[in-house]
Each structure stands twice: as C-alpha cells, then as structure tokens.
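Enquirer: Per the numbering used here, the sequence shown starts with residue 1496, numbered consecutively. Quick reminder that beta carbons are idealized off the backbone N, C-alpha and C, glycines included.
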Amino acid sequence: MQNKNYISSYIAGTGKCVPEKIISNSYFESYLETSDQWITERTGIKERRWTDDNVGITELAQIASEQAIQRSNLEVSAIDGIIFGTVTPDFHLPSAACILQTKLGITRGFAFDVTAACAGFIYSLALADMYIARGVAKNVLVVGGDLVSYLANQQDRNTCVLFGDGVGAVVVRACEKDAEQAGNFKLVDLKSTPGIYASELCADGREADILKIPYGSANRLTPELVAAGGHFVQMDGKAVFKFAVKALVEVTQTICAQVGLKISEIDHFVSHQANQRILQLVGEQLGLDKSKIPMNIEKYGNTSAGTVPVLLDEELEAGRIKRGDLVLFSAIGSGMVWGAVLVRI
Ligand code: UT7
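#1: Whose C-beta lies closer than 6 angstroms to the C-beta of residue 1538 among residues of the same chain, with five residues either side of it excluded?
#2: List the whole-angstrom C-beta distance separating residue 1544 from residue 1659, where the pair is believed to meet the contact cut-off of C-beta under 8 angstroms.
#3: Can you list, in chain order, the residues of its chain with a C-beta nearer than 7 angstroms to that of residue 1601? Leave out the 5 residues immediately preceding and following it.
#4: May I have the straight-line CA-CA distance separating residue 1829 from residue 1704, to the nearest angstrom?
#5: When the Cα atoms are used, what is the spatial distance from residue 1479 to residue 1612?
#6: From residue 1787 to residue 1759, what does the alpha carbon distance come to, in whole angstroms?
#7: Does the Cβ of residue 1688 lie closer than 8 angstroms to at least one heavy atom of the ligand UT7?
#8: Could you check where the beta strand (DSSP E) with residue 1631 kicks off and where it finishes?
#9: Under three-state DSSP, which class holds residue 1570?
#10: Between which two residues does the alpha helix (DSSP H) carrying residue 1593 extend?
#11: I want to check one thing, is the minimum distance from the CB of residue 1625 to the heavy atoms of the ligand UT7 below 8 angstroms?
#12: Relative to the alpha-carbon of residue 1501, which residue among 1541, 1685 and 1532 has its alpha-carbon at the smallest distance?
#13: Taking the beta strand (DSSP E) that residue 1500 belongs to, which residues open and close that run?
#14: Roughly how many angstroms separate the alpha carbons of residue 1507 and residue 1664, rounded to a whole number?
#15: Report the rounded CA-to-CA distance for residue 1496 versus residue 1755, giving the unit in angstroms.
#16: Looking at the C-beta of residue 1566, does it have a partner C-beta in chain B at a distance below 9 angstroms?
#17: If you reduce the DSSP assignment to three classes, tell me which class residue 1729 lands in.
#18: Between residue 1527 and the rest of its own chain, which residues show a CB-CB distance below 6 angstroms, the 5 nearest in sequence each way excluded?
#19: Just to confirm, does residue 1730 get its C-beta within under 8 angstroms of one of the non-hydrogen atoms of the ligand UT7?
#20: So for residue 1753, helix, strand or coil by DSSP?
#21: Do the CB positions of residue 1806 and residue 1832 come within less than 9 angstroms of each other?
#22: Ends of the beta strand (DSSP E) at residue 1658?
#23: With DSSP as the reference, label residue 1697 as helix, strand or coil.
#24: Output needed for residue 1618: all residues of its chain with C-beta closer than 8 angstroms, excluding positions within five of it in sequence on either side, in chain order.
#25: Taking the straight line between their C-alpha atoms, what separation do you get for residue 1815 and residue 1716?
#26: Which first and last residues belong to the beta strand (DSSP E) in which residue 1580 is found?
#27: Pick out whichever of 1620, 1743, 1626 and 1642 has its Cα sitting closest to the Cα of residue 1549.
#28: Which residue marks the beginning of the alpha helix (DSSP H) containing residue 1778, and which one marks its end?
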C-alpha cells in the first residue's frame, strides 16, 4: 500500500457563525400541513437558525473568518486571497468575497465567489489547495455558507422545513518548506502528516432540473414568475436523495483509491448535512461505523455550503475531532455538483 504522497497545504484554523434566532419544527406546524414528527423522522431536523431580514451573509462570514484567522495565529494582513463558496451573496454584484475582504480590512490579493451550491465549501477548499500548490498564495481564507432561509419558499412544505442559515471558515496554509520538497509539493507520510491529501470534484449538468432556482438571465423575473415562486428553491426531493447517496458513496471510494488509503482508515466523515437518512445510507453502503459520521443537522438543518465547515469547527471545538485525525469532507448540491477533500487535520 502506498503511504507516501506529495502535499502542498494544510488547514491551520477554523471558525463559524450561525444566527441566534432558532426556528423549531413547531413554527411550521403553526401554518403548514406538516408536523414535528414528519420532519424529524424524514430528515433528522429539529430546528434551524435564521438571520433577521436584510442581514447579509458577509456579516456572519466576517465573524467566522476572524475566528479562523486568529486561531491560525495569523494577522489578517497575511491572507493572500479569499475564496467564498456561496449562492447567497449580499448582492448579485459584487461578490461576497470582495465585500468580506473589505470588512476584514484586507486590501490585497484575490477574492472571488464559487457557485457550487451545497458543494461550495468543498470546491473552494480544493481550489485553495490548488492555488497554493501553484505557488500563487501562501494563506488562503476559505469560506462556505449560505442564508438559505431567504431562498426557500416559506409556503412550500417540501423545501422550507429543510433549510437554515450558517457560515464556516478555514485558513488553508502552505506547508513549511523542507529538504524533501519538489517545487511547492512536499513528500509526506500519509499516516501522520497534517495536510490536504487529495480532492475530487465532480459535476453532471444533465441533472440540473432536480434542484434549482428557475429565474435568471434565461428566465427573467416577471410578476408571473414571482407569483409562481420562480425565485425560490424548487426540488425533486426523491431524485436528489437517490443521486446524493450514489454520488457520495462513489466519491469516497474514488478519493481513497487515489491516495491508496483504505476507507476504514478514515477517522471522521464530515459530510453535507442535507438529510440524516442520506448519511445513514451512505454509511451503510460504505460499511462505516456510525460513530465516524458526525451530525448536527438536528440543530441547523441544511445550511448549504455552510454545513461542512460549521460541523468541522464544532467537532474540533468539542474535541471529538483531534489534530492528527484523518477526515473526509464531502458534499453534493445543485448542478448537480459533488466532491470530496481528504485531509489530515
Ligand atoms: O442540499 C441539497 C441536497 N438536498 C437533499 O439532499 C434533499 C434530498 N431529499 C430529501 O431529503 C427528501 O427527499 C425530503 C426530506 C425532501 C422528502 O422526503 P421523502 O421521504 O423523499 O418524501 P417525499 O418527497 O417522497 O414525500 C412523501 C410525502 C408526500 O406526500 P404524498 O404525496 O405521499 O401524499 C409529500 O407531499 O410527504 C409529503 N411531504 C410532507 N409532509 C409533511 C413533503 N414534505 C412534507 C412536510 N411535512 N414538510
């Protein structure tokens, strides 16, 4: 078995921010034909957090980012670039990353958003590693999160009960240079060295219709479209569910084969929190011990690109994920897009 590989970067620190306002399942019982029992049994969600009206995502992102930078023992001036996985920026233009850059007091480097829906953090994390491997940055702030409460039609019980708001952030740093270095890659022992070992990003646009917000340049906003809820999330839940289980199983197998590690060697599967039953099925199909699949969906629902970094930060804070553990991040979202990043923390 291969146990050496080249890496370029590692996760130096994490942070998160969720709104204070808690919306429990009983809120929806008050005006929709739904129940706490249905939501809990079919999804695992008990409550979610919502921002107040007109609070933009960069307000939460600033708090999460400052925490991640501080925990990385860095000054904000050391950040060479910001990659923000989100589909709920403060405005259509400019990007949330640019607004966040100014809020953090950063005046140099790059800043851009990544549109990969619920897989936005995974895509952004993989990109940060690639920028560092190419030698164009040493410290990249990666943010993932969404305020999905504002994209959900609160009259549509098929979707509105599922989503919440939340943001997580990590700082991805270049590895220290040493003798066993080839360019910006360092030869390491995969059994012990912290770092981003591999990433796998996938897309299949043929499935675009099963999860979408139908308005845009090809379908302009008209009073009729607004009346039909065309500016809100529309989802074929069953189709997305089936797609998610298959894609998350396959991407896990692929990434482990890529680096020559066994799935059983992974300590924690920090995966997108869309539905407890999706995670249970993925776990069963991969033969995983339940204790290796952390979940916080009961508290926050599906925060889209926020689920993975928020869960990572919580698990690290609680000491359930420790430095040195091998962690697989994975997610799936509208596109369809999905992916995984394998990291020794
Ligand atoms: O983050 C992006 C990825 N998103 C996902 O991964 C979501 C994937 N999909 C899912 O999680 C599940 O498909 C849902 C939770 C969305 C739905 O669960 P399901 O077990 O697939 O239910 P269903 O859509 O097949 O609906 C079953 C029944 C339907 O009623 P009928 O037609 O059998 O009379 C729905 O109308 O449940 C009904 N239903 C509800 N009932 C009470 C749907 N939503 C609700 C609700 N409360 N909130």
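Expert: Once the coordinates are examined:
#1: Start at 1 with the first residue of the sequence shown, and residue 1538 comes out as number 43. Cβ within range, chain order: 1770.
#2: For the purposes of this step, residue 1544 is taken as residue 49 along the sequence shown, with counting starting at 1. For the purposes of this step, residue 1659 is taken as residue 164 along the sequence shown, with counting starting at 1. Going by Cβ atoms, the distance from residue 1544 to residue 1659 rounds to 5 angstroms, so yes, they are a contact pair.
#3: Within the sequence shown, residue 1601 is the residue found at index 106, counting from 1. So the list reads 1571 and 1574, once near-sequence residues are dropped.
#4: The residue you call residue 1829 lines up with position 334 of the sequence shown. The residue you call residue 1704 lines up with position 209 of the sequence shown. Each residue's alpha carbon lies about 9 angstroms from the other.
#5: This structure cannot speak to residue 1479, because the chain is shown only from 1496 to 1840.
#6: The residue labelled residue 1787 in the question sits at position 292 within the sequence shown. The residue labelled residue 1759 in the question sits at position 264 within the sequence shown. Their Cα atoms are separated by approximately 10 angstroms.
#7: Along the sequence shown, read from residue 1 onward, the residue named residue 1688 stands at position 193. No, the ligand UT7 has no heavy atom inside 8 angstroms of this Cβ.
#8: Within the sequence shown, numbered from 1, the residue matching residue 1631 stands at position 136. Element bounds for residue 1631: n/a, residue is neither H nor E.
#9: By one-based count along the sequence shown, residue 1570 stands at place 75. DSSP places residue 1570 in coil when its eight states are reduced to three.
#10: For the purposes of this step, residue 1593 is taken as residue 98 along the sequence shown, with counting starting at 1. That run of the alpha helix (DSSP H) goes 1591-1599.
#11: Here the question's residue 1625 lines up with position 130 in the sequence shown. No, Cβ of residue 1625 sits at least 8 angstroms from all heavy atoms of the ligand UT7.
#12: The residue you call residue 1501 lines up with position 6 of the sequence shown. Of 1541, 1685 and 1532, the residue nearest in Cα terms is 1685.
#13: As a working note, residue 1500 is residue 5 in the sequence shown. Note, residue 1500: beta strand (DSSP E), 1499-1502.
#14: Here residue 1507 refers to the residue found at position 12 when the sequence shown is read from its first residue. Here residue 1664 refers to the residue found at position 169 when the sequence shown is read from its first residue. Their Cα atoms are separated by approximately 11 angstroms.
#15: Here the question's residue 1496 lines up with position 1 in the sequence shown. Here the question's residue 1755 lines up with position 260 in the sequence shown. Low per-residue confidence applies at residue 1496: pLDDT is 43, beneath 50, and the placement is therefore not dependable enough to give any value.
#16: Annotation note: the requested chain B is absent from the structure, which comprises a single protein chain.
#17: The count along the sequence shown starts at 1 and reaches residue 1729 at position 234. Residue 1729: strand per DSSP, three-state reduction.
#18: Reading the sequence shown from its first residue, position 32 is the one you call residue 1527. Only 1652 meet the Cβ criterion.
#19: In the sequence shown, residue 1730 corresponds to position 235, counting from 1. Yes, the Cβ of residue 1730 comes within 8 angstroms of a heavy atom of the ligand UT7.
#20: Within the sequence shown, the letter at position 258 stands for residue 1753. Reduced to three states, the DSSP call for residue 1753 is helix.
#21: Within the sequence shown, residue 1806 is the residue found at index 311, counting from 1. Within the sequence shown, residue 1832 is the residue found at index 337, counting from 1. For residue 1806 and residue 1832, no; Cβs fall outside 9 angstroms.
#22: Taking the first residue of the sequence shown as 1, we reach residue 1658 at position 163. No beta strand (DSSP E) contains residue 1658, which DSSP labels as neither H nor E.
#23: As a working note, residue 1697 is residue 202 in the sequence shown. Residue 1697 falls in the strand class under three-state DSSP.
#24: For the purposes of this step, residue 1618 is taken as residue 123 along the sequence shown, with counting starting at 1. So the list reads 1580, 1609, 1611, 1696, 1832 and 1834, once near-sequence residues are dropped.
#25: Along the sequence shown, read from residue 1 onward, the residue named residue 1815 stands at position 320. Along the sequence shown, read from residue 1 onward, the residue named residue 1716 stands at position 221. Distance between the alpha carbons of residue 1815 and residue 1716: 46 angstroms.
#26: Residue mapping note: residue 1580 aligns to position 85 of the sequence shown, counting from 1. That run of the beta strand (DSSP E) goes 1576-1580.
#27: Position 54 of the sequence shown, counted from the first residue, corresponds to residue 1549. Selected option, being the one with the closest Cα: 1642.
#28: For the purposes of this step, residue 1778 is taken as the residue at position 283 of the sequence shown. Where residue 1778 is concerned, the enclosing alpha helix (DSSP H) stretches over 1771-1781.
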